[in-house]
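Visitor: So the sequence shown is numbered by the working numbering: it starts at 12 and just counts up by one.
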Amino acid sequence: MERYTLPQFLELPREQQLPIIDDRAILYAQQFNRAQLDHYCKLADACRTIHKSDAGADLLASLLRRRTALNFFVQPSSRTFLSFSAAQSILGMRRMSLRDLNISSMSKGESLVDSIRTFMSYVDLIVMRHKDESAALAAFWISWNSDRRLMVGGEERILPIVSGGAGSKEHPTQALLDVYTLERSFEDQGGIEGKTIMMVGDLKRGRTVRSLAFLMRNYPGVRLIFAAPERYQMSEDVCEFLIQHKIPYSTVDSMDDGIETADAIYMTRIQDEWDELAGEGHVASPPGFRFELRHLDRMKRSACLLHPLPKRDEVDEAVDYAGDKRVVYWRQERNGMWMRVAIIATLFKVDSQILAHAFEHH
Ligand code: NCD
12 MERYTLPQFL
22 ELPREQQLPI
32 IDDRAILYAQ
42 QFNRAQLDHY
52 CKLADACRTI
62 HKSDAGADLL
72 ASLLRRRTAL
82 NFFVQPSSRT
92 FLSFSAAQSI
102 LGMRRMSLRD
112 LNISSMSKGE
122 SLVDSIRTFM
132 SYVDLIVMRH
142 KDESAALAAF
152 WISWNSDRRL
162 MVGGEERILP
172 IVSGGAGSKE
182 HPTQALLDVY
192 TLERSFEDQG
202 GIEGKTIMMV
212 GDLKRGRTVR
222 SLAFLMRNYP
232 GVRLIFAAPE
242 RYQMSEDVCE
252 FLIQHKIPYS
262 TVDSMDDGIE
272 TADAIYMTRI
282 QDEWDELAGE
292 GHVASPPGFR
302 FELRHLDRMK
312 RSACLLHPLP
322 KRDEVDEAVD
332 YAGDKRVVYW
342 RQERNGMWMR
352 VAIIATLFKV
362 DSQILAHAFE
372 HH
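#1: Assuming Leu317 and Tyr277 make a contact with CB atoms under 8 Å, what is their CB distance in whole Å?
#2: Going by DSSP, name the residue or residues bridged to Ser108.
#3: Could you tell me whether the stretch 66 to 81 touches the stretch 29 to 42, using the rule of 3 or more Cβ pairs below 8 Å?
#4: In its own chain, which residues sit with a C-beta less than 8 Å from the C-beta of Glu144, not counting the 5 before and 5 after it?
#5: When a residue counts only if its C-beta is closer than 7 Å to some heavy atom of ligand 1, which residues count, in chain order?
#6: When DSSP labels each residue in this structure, what does Ser261 get in the three-state scheme?
#7: Who are the near neighbours of Leu253 in its chain, counting only those whose CB is closer than 6 Å to its CB and skipping five residues on each side?
#8: Taking the DSSP output, what are the residues bridged to Asp136?
#9: Would you mind working out which of Pro319, Phe359, Lys360 and Leu307 sits nearest Gly334, comparing C-alpha positions?
#10: Can you list the beta strand (DSSP E) stretches of 3 or more residues lying completely in the stretch 168 to 203, in chain order?
#11: Given Val124, which residues of its chain have a CB within under 8 Å of its CB, disregarding the five upstream and five downstream residues?
#12: For Phe130, does the three-state DSSP call read helix, strand or coil?
#13: Compute the distance between the beta-carbons of Leu223 and Ala186, then report whether it is under 8 Å.
#14: Between which two residues does the beta strand (DSSP E) holding Thr207 run?
#15: With DSSP run on the structure shown, which of helix, strand or coil describes Arg160?
#16: Closer than 6 Å by C-beta to Ala239: which residues in its own chain qualify, once you throw out the five before and the five after it? Chain order, please.
#17: Rounded to whole angstroms, what is the Cα-Cα separation between Met131 and Ile137?
#18: I'd like to check one pair, Ser126 with Gly212: are the Cβ atoms closer than 8 Å?
#19: Would you mind listing the alpha helix (DSSP H) stretches within the stretch 275 to 348 that are 4+ residues and don't spill past its ends, in chain order?
#20: How many angstroms separate the CA atom of Leu304 from the CA atom of Asp331?
#21: Report the rounded CA-to-CA distance for Gln282 versus Val220, giving the unit in angstroms.
#22: Sort Glu198, Ile355 and Ile169 by Cα distance to Gly175 and report the nearest one.
#23: From this set, Met210, Ile31, Phe95 and Ser100, which residue's C-alpha is nearest Met139's C-alpha?
#24: Throw me the rounded Cβ distance for the Thr91 and Met350 pair, which I believe falls under 8 Å.
#25: With which residues is His141 paired in a DSSP beta bridge?
#26: To the nearest angstrom, report how far apart Arg128 and Ser116 are at their CA atoms.
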């Protein structure tokens, strides 16, 4: 395969990067096809089921017991960090973490490239979140071009890199857990295909909605509604992708316009950390993009309400305590851990053992 320098590789169009990345890293929502998505969902279900029995939990904990993971998260994170860590522990992995650049050698001026090289000497998996949208892609290039190889399922593999959030652009594992949550919510309604999904809030800088929109290419008949104030509307690159893949979408000026037609409503917070003059306190969600109790009455009976979390004023607190089964964001959060078990198990090719156990015992 042709070799590229790091700057050349970063500059390649996405369609040329994707076949190189293949199934060796998790970096972009665009890398997944339907068969893989179905596999992840099925595997996440299997992990969750077999973990309920001692034999199943023991099996899971034995699978990766000699592997070590590094969680390199140098941007704020609670859920993604903790759920990856929990997922690794379910699979018996040893775990290390680095969360603060000020206490790493990068504060002494070490480059990201050298730092990643260093990490690779000690671990078998790197999960990373970075404000630079190309950092995980760069880490992949470093892994690809280094001598370090792992034996995985009898085959030599490069050390896998998993993105836990890349700048304001991509959050592929969140999109996978969102798809898993949608599939579960629509279990009795034929799954995601043909559904209308309304995304609300800061769509421009929300990496979760961007990645989820990219994944929708795999589900025929899906329509998207983008409810956002002009300045936070979905970026052109995503809209172009949707046009290219014939995924219908519309934009509306208030979530009230889509509340009755949507099968899923996906709320997001204003991503004010990207504001240039980030002042004190947080930017309030504009009216028209806040989910209030009254909206539950207007939602379809079969619809569901998602949020990647953390949430702020865009969802009224009372919605949490309304006892409404359509509010699924806390289940979505829990699904994240199982999806991450599935992702790591697949990367290390222990997925068939999990499915075999689930098949034999359940
Ligand atoms: C999201 C993120 O970090 O992009 N959080 C998460 O991973 N669940 C969403 C957000 O921060 O708004």
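Beta carbons are placed, not taken as given, at the ideal position from N, Cα and C, and that holds for glycine. Keep in mind it's a predicted model, so treat the numbers as computed, not measured.
Guide: Short version:
#1: 5 Å
#2: Asn82
#3: no
#4: Ala177, Gly178, Ser179, Lys180 and Glu181
#5: Ser88, Arg90, Thr91, Gly176, His182, Gln185, Gly217, Arg218, Thr219, Thr279, Arg280, Gln282, Pro319, Leu320 and Pro321
#6: strand
#7: Tyr260
#8: Per the sequence shown, residue 136 should be read as Leu rather than Asp. DSSP, once it has assigned bridges, lists Ala80 as partnering Leu136.
#9: Leu307
#10: 172 to 177
#11: Leu17, Ala149 and Ile153
#12: helix
#13: yes
#14: Thr207 to Val211
#15: strand
#16: Leu214
#17: 8 Å
#18: no
#19: 304 to 309
#20: 9 Å
#21: 12 Å
#22: Ile355
#23: Phe95
#24: Contact flag wrong, Cβ pair sits at about 11 Å.
#25: Ala177
#26: 12 Å
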